[in-house]
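Visitor: Chains as they are written, first to last, in my numbering: chain Z, 25 to 170; chain V, 724 to 963.
C-beta: ideal position from N, C-alpha, C; glycine also.
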Amino acid sequence: MADVKTFFSTEDIADITSAIAGAMSRTSGEIRLRIGKKAGKNPLLSARTAFLALGMRGAAMKNGVLFYVWVEDKKFAVLGDDGIDKKVPEGFWESVKDVVLVKFRQKDFAIGLAGGINMAAEKLAEFFPDGDGAEKKPADVVSYEE
Amino acid sequence: MRNNFKFRISNFGFAACAVFLLLAAVQLRSEVVYPQRSEGHVHDFAGILAETDNKTMGEMLKSFQDAAGVDMEVVTVKNVEDYGGQAADIDSFTEGLSKAWSADSQAGKGILMIVSTGDRRIKVITSGAFGPEYDDILLGIVNGKVIPFFKQADYSRGIYEGVREIIKQLSQKKTFLELYGGYAAGAAAVLILLCVIILSRRTGQAKAPVGDADSRQKKPVKEKQDAVVEKFGGGASGGW
Numbered sequence: 025m026a027d028v029k030t031f032f033s034t035e036d037i038a039d040i041t042s043a044i045a046g047a048m049s050r051t052s053g054e055i056r057l058r059i060g061k062k063a064g065k066n067p068l069l070s071a072r073t074a075f076l077a078l079g080m081r082g083a084a085m086k087n088g089v090l091f092y093v094w095v096e097d098k099k100f101a102v103l104g105d106d107g108i109d110k111k112v113p114e115g116f117w118e119s120v121k122d123v124v125l126v127k128f129r130q131k132d133f134a135i136g137l138a139g140g141i142n143m144a145a146e147k148l149a150e151f152f153p154d155g156d157g158a159e160k161k162p163a164d165v166v167s168y169e170e
Numbered sequence: 724m725r726n727n728f729k730f731r732i733s734n735f736g737f738a739a740c741a742v743f744l745l746l747a748a749v750q751l752r753s754e755v756v757y758p759q760r761s762e763g764h765v766h767d768f769a770g771i772l773a774e775t776d777n778k779t780m781g782e783m784l785k786s787f788q789d790a791a792g793v794d795m796e797v798v799t800v801k802n803v804e805d806y807g808g809q810a811a812d813i814d815s816f817t818e819g820l821s822k823a824w825s826a827d828s829q830a831g832k833g834i835l836m837i838v839s840t841g842d843r844r845i846k847v848i849t850s851g852a853f854g855p856e857y858d859d860i861l862l863g864i865v866n867g868k869v870i871p872f873f874k875q876a877d878y879s880r881g882i883y884e885g886v887r888e889i890i891k892q893l894s895q896k897k898t899f900l901e902l903y904g905g906y907a908a909g910a911a912a913v914l915i916l917l918c919v920i921i922l923s924r925r926t927g928q929a930k931a932p933v934g935d936a937d938s939r940q941k942k943p944v945k946e947k948q949d950a951v952v953e954k955f956g957g958g959a960s961g962g963w
């Protein structure tokens, strides 16, 4: 059974953290990754709950993006707050999901996430370039369900 | 008389050269000069794609090739006539480009989508590795996902939506079982659901008035539980 803490290798987490940090240096938006066990019946609802719990909803420009991976039931969700969601074209989140899951199916988890993170980062940098808002960068960009 | 003959010869030579040059020009014009294949899977010769759409499609198509082994190329041109050829049309242009480009690509599963804005035409062809049933799928995607945006002159969005849908449907469609297994599973699920409904109704009728009152009260409670987290933002989810 996949374990939350060991599903991604230390190197993978380092790569993902680096990708997120690089992405966030270009935008006032924030990107986080959360790793859990089971998504439940409604992964997006679970992601919204975590989004609130992590305090990401507090961003003034509503430009946070949460990537959520559930390792036991092999589910993935990406959730963008209202600010970024209104800016991106229809179907954008679906395409992010597609890019991530294509790699996940090949067991390239870190590469898949990096691809999705880069896509989100492009949009955040385009619509919320660094300097147009004083958002606080989170200390823990990768977090785990207890 | 002699001078006149010379004049006639040189005059004839000039006319012959002119005819030769004219024929050469016609010959050159009749040969289509296909554009050079550039890096990646998206070749926007018409310059109609938004930068982000172009980049996103490139990444999606690269992942698609890695995962499913399908080499899909997207090409936009302003007019197929710009590349020469007598009575050039998008059908012959697409076939010709497919042959010209496949020379330096690996044989296998290939899809070529060509959009000519000046001709107001889109053409999607597949390699022989795809069966004829894919023609209907691709036609449905073009009509349902691409054309509505083309009618609004939003070529970039139309191509993006079409590419995304092709990847989505072809990633799912692999075997007969995968194609029809979903329907079978759906039919089985409907049958099971019907059985459950019939059984639960019978059980409810046996319990008479108390059961009815309870069931009416339980539904709003469930809805209230789901509504604890307000809906905000947008996203997508799936499994692997």
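Less than 8 Å between C-beta atoms, sequence neighbours within five positions excluded: which residues of the same chain meet that for aspartate 154 (chain Z)?
Guide: On the first sequence, residue 154 (chain Z) is found 130 positions in, with the first residue counted as 1. So the qualifying residues of the chain are Ser49, Arg50, Thr51, Ser52.
Visitor: Mind checking aspartate 794 (chain V): buried by the 16 CB within 10 Å criterion, or exposed?
Guide: Here residue 794 (chain V) refers to the residue found at position 71 of the second sequence. Result: buried.
Visitor: What's the call for proline 1006 (chain V), buried or exposed, on a 16-neighbour Cβ count within 10 Å?
Guide: In the structure displayed, chain V extends from 724 to 963; residue 1006 (chain V) sits before or after that span and is not available.
Visitor: At a CB distance below 8 Å, what residues from the region 855–883 of chain V approach chain Z? Give them in sequence order.
Guide: The residues in question are Arg880, Tyr883.
Visitor: Could you name the residues that DSSP lists as bridge partners for tryptophan 94 (chain Z)?
Guide: Residue 94 (chain Z) sits at position 70 when you count from the first residue of the first sequence. Looking at the DSSP assignment, tryptophan 94 (chain Z) forms a beta bridge with Z:Gly60, Z:Lys99.
Visitor: In whole angstroms, give me the CA-to-CA distance for threonine 779 (chain V) and glycine 770 (chain V).
Guide: In the second sequence, residue 779 (chain V) corresponds to position 56, counting from 1. In the second sequence, residue 770 (chain V) corresponds to position 47, counting from 1. Near 16 Å, if we compare the C-alpha coordinates of glycine 770 (chain V) and threonine 779 (chain V).
Visitor: Among residues of its own chain, excluding the 5 on either side of threonine 898 (chain V), which ones have a beta-carbon nearer than 6 Å to its beta-carbon?
Guide: Taking the first residue of the second sequence as position 1, residue 898 (chain V) is located at position 175. Unreliable positioning characterises threonine 898 (chain V) in this predicted model, as indicated by a pLDDT of 44, which lies under 50. The coordinate reading is nonetheless provided below. Excluding sequence neighbours, threonine 898 (chain V) sits near nothing in its chain.
Visitor: Is it true that the CB of valine 800 (chain V) sits closer than 7 Å to the CB of serine 850 (chain V)?
Guide: For the purposes of this step, residue 850 (chain V) is taken as the residue at position 127 of the second sequence. For the purposes of this step, residue 800 (chain V) is taken as the residue at position 77 of the second sequence. It is not a contact, given that the beta carbons lie outside the stated cut-off.
Visitor: For alanine 43 (chain Z), decide whether its Cβ has a neighbour in chain V, counting only Cβ atoms nearer than 7 Å.
Guide: Indexing the first sequence from 1 puts residue 43 (chain Z) at position 19. Alanine 43 (chain Z) does not count as touching chain V.
Visitor: Output yes if chain Z places a C-beta closer than 7 Å to the C-beta of phenylalanine 955 (chain V); else output no.
Guide: In the second sequence, the residue the question calls residue 955 (chain V) occupies position 232. So yes, phenylalanine 955 (chain V) belongs to the interface.
Visitor: For a cutoff of 7 Å on Cβ pairs, would you count glycine 792 (chain V) as touching chain Z?
Guide: As a working mapping, residue 792 (chain V) is identified with position 69 in the second sequence. Not an interface residue.
Visitor: Select from the region 98–113 of chain Z all residues with a C-beta closer than 9 Å to any C-beta belonging to chain V, and list them in chain order.
Guide: For the region 98–113 of chain Z, which is checked against every Cβ of chain V, the residues closer than 9 Å are Lys98, Lys99, Phe100, Ala101, Val102, Leu103, Gly104, Asp105, Asp106, Gly107, Ile108, Asp109, Lys110, Val112, Pro113.
Visitor: Short check: CB of leucine 103 (chain Z) to CB of phenylalanine 75 (chain Z), under 7 Å?
Guide: Within the first sequence, the letter at position 79 stands for residue 103 (chain Z). Within the first sequence, the letter at position 51 stands for residue 75 (chain Z). Yes.
Visitor: For chain V, is any of its Cβ atoms less than 7 Å away from the one on proline 67 (chain Z)?
Guide: To locate residue 67 (chain Z), count along the first sequence from 1; it is residue 43. Answer yes: the Cβ-Cβ gap between proline 67 (chain Z) and chain V drops below 7 Å somewhere.
Visitor: Are the C-beta of leucine 125 (chain Z) and some C-beta of chain V separated by less than 7 Å?
Guide: For this step, residue 125 (chain Z) is matched to residue 101 along the first sequence. At least one chain V Cβ lies under 7 Å of leucine 125 (chain Z).
Visitor: Considering only C-alpha positions, which residue in the set Z:Met85, Z:Phe151, Z:Ile40, Z:Leu69 is nearest to arginine 56 (chain Z)?
Guide: Within the first sequence, the letter at position 32 stands for residue 56 (chain Z). Here the closest residue by C-alpha is Z:Ile40.
Visitor: Is the beta carbon of methionine 143 (chain Z) less than 7 Å from the beta carbon of valine 112 (chain Z)?
Guide: Here the question's residue 143 (chain Z) lines up with position 119 in the first sequence. Here the question's residue 112 (chain Z) lines up with position 88 in the first sequence. Going by C-beta atoms, methionine 143 (chain Z) is not nearer than 7 Å to valine 112 (chain Z).
Visitor: Just checking: is the beta-carbon of arginine 843 (chain V) within a distance shorter than 7 Å of some beta-carbon in chain Z?
Guide: The residue you call residue 843 (chain V) lines up with position 120 of the second sequence. For arginine 843 (chain V), the answer is no, since every Cβ of chain Z falls outside 7 Å of its Cβ.
Visitor: If you follow the beta strand (DSSP E) that threonine 34 (chain Z) is part of, which residue opens it and which one closes it?
Guide: Taking the first residue of the first sequence as 1, we reach residue 34 (chain Z) at position 10. Careful: threonine 34 (chain Z) lies outside any beta strand (DSSP E), inside the alpha helix (DSSP H) at 34–48.
Visitor: Is the separation between the beta-carbon of valine 95 (chain Z) and that of phenylalanine 31 (chain Z) shorter than 7 Å?
Guide: For this step, residue 95 (chain Z) is matched to residue 71 along the first sequence. For this step, residue 31 (chain Z) is matched to residue 7 along the first sequence. Yes, they are a contact pair.
Visitor: Comparing C-alpha positions only, which one of V:Ile837, V:Gly807, V:Leu772, V:Tyr806 sits nearest to serine 821 (chain V)?
Guide: For the purposes of this step, residue 821 (chain V) is identified with residue 98 of the second sequence, where counting begins at 1. The residue with the shortest Cα to Cα distance from serine 821 (chain V) is V:Ile837.
Visitor: Just tell me which of Z:Val166, Z:Phe152, Z:Lys127, Z:Glu150 has its CA closest to the CA of serine 894 (chain V).
Guide: As a first step, residue 894 (chain V) must be located in the second sequence, where it is residue number 171. The candidate whose alpha carbon is nearest that of serine 894 (chain V) is Z:Lys127.
Visitor: Consult DSSP for tryptophan 963 (chain V) and reduce its assignment to one of helix, strand or coil.
Guide: Position 240 of the second sequence, counted from the first residue, corresponds to residue 963 (chain V). If DSSP states are grouped into helix, strand and coil, tryptophan 963 (chain V) belongs with coil.
Visitor: What are the partner residues of histidine 764 (chain V), as DSSP defines its beta bridges?
Guide: The residue you call residue 764 (chain V) lines up with position 41 of the second sequence. Partner(s): none; histidine 764 (chain V) has no beta bridge.
Visitor: Is the beta carbon of leucine 68 (chain Z) sitting closer than 7 Å to the one on serine 825 (chain V)?
Guide: Counting from one through the first sequence, the residue named residue 68 (chain Z) turns up at place 44. Counting from one through the second sequence, the residue named residue 825 (chain V) turns up at place 102. Not closer than 7 Å, so no.
Visitor: Going by alpha carbons, who is nearest to leucine 835 (chain V) out of V:Arg880, V:Arg843, V:Ala876, V:Ile890?
Guide: Residue mapping note: residue 835 (chain V) aligns to position 112 of the second sequence, counting from 1. Of V:Arg880, V:Arg843, V:Ala876, V:Ile890, the residue nearest in Cα terms is V:Ile890.
Visitor: Within its chain, find whatever has a CB closer than 8 Å to the CB of tyrosine 903 (chain V); leave out the 5 residues flanking it on each side and keep chain order.
Guide: Here the question's residue 903 (chain V) lines up with position 180 in the second sequence. Unreliable placement is indicated for tyrosine 903 (chain V), whose pLDDT of 49 sits below 50; the coordinate value is still reported in the next sentence. Once the five neighbours on either side are set aside, tyrosine 903 (chain V) has no close Cβ partner at all.
Visitor: Our contact map puts glycine 139 (chain Z) next to phenylalanine 91 (chain Z) with C-beta atoms below 8 Å; I'd like the distance itself, whole angstroms only.
Guide: Position 115 of the first sequence holds residue 139 (chain Z). Position 67 of the first sequence holds residue 91 (chain Z). Contact flag wrong, Cβ pair sits at about 11 Å.
Visitor: Check distances from the C-beta atoms of the region 137–155 of chain Z to those of chain V and list, in chain order, the residues that come in under 9 Å.
Guide: Within the region 137–155 of chain Z, the qualifying residues are Gly139, Asn142, Met143, Glu146, Lys147, Glu150.
Visitor: Cβ of tryptophan 963 (chain V) less than 7 Å from any chain A Cβ?
Guide: This model lacks chain A altogether; the protein chains it does include are Z and V.
Visitor: Consider the Cβ of phenylalanine 32 (chain Z): report whether some Cβ of chain V lies at a distance smaller than 7 Å.
Guide: Indexing the first sequence from 1 puts residue 32 (chain Z) at position 8. So, not an interface residue.
Visitor: Can you tell me whether asparagine 866 (chain V) is buried or exposed, with buried defined as 16 or more other CB within 10 angstroms of its CB?
Guide: Looking up residue 866 (chain V) in the second sequence gives position 143. That one is exposed.
Visitor: Measuring only the C-alpha atoms, how far is valine 28 (chain Z) from lysine 98 (chain Z)?
Guide: For the purposes of this step, residue 28 (chain Z) is identified with residue 4 of the first sequence, where counting begins at 1. For the purposes of this step, residue 98 (chain Z) is identified with residue 74 of the first sequence, where counting begins at 1. Their Cα atoms are separated by approximately 11 Å.
Visitor: What residue from Z:Ile135, Z:Ile108, Z:Ala149 has the CA that sits closest to glycine 956 (chain V)'s CA?
Guide: Start at 1 with the first residue of the second sequence, and residue 956 (chain V) comes out as number 233. Answer by Cα proximity: Z:Ile108.
Visitor: Put glycine 885 (chain V) into one of helix, strand or coil per three-state DSSP.
Guide: Stepping through the second sequence from its first residue, residue 885 (chain V) is reached at position 162. If DSSP states are grouped into helix, strand and coil, glycine 885 (chain V) belongs with the helices.
Visitor: For alanine 823 (chain V), which residues of its own chain have a beta-carbon under 6 Å away from its beta-carbon, when the five flanking residues on both sides are left out?
Guide: Reading the second sequence from its first residue, position 100 is the one you call residue 823 (chain V). Tyr757.
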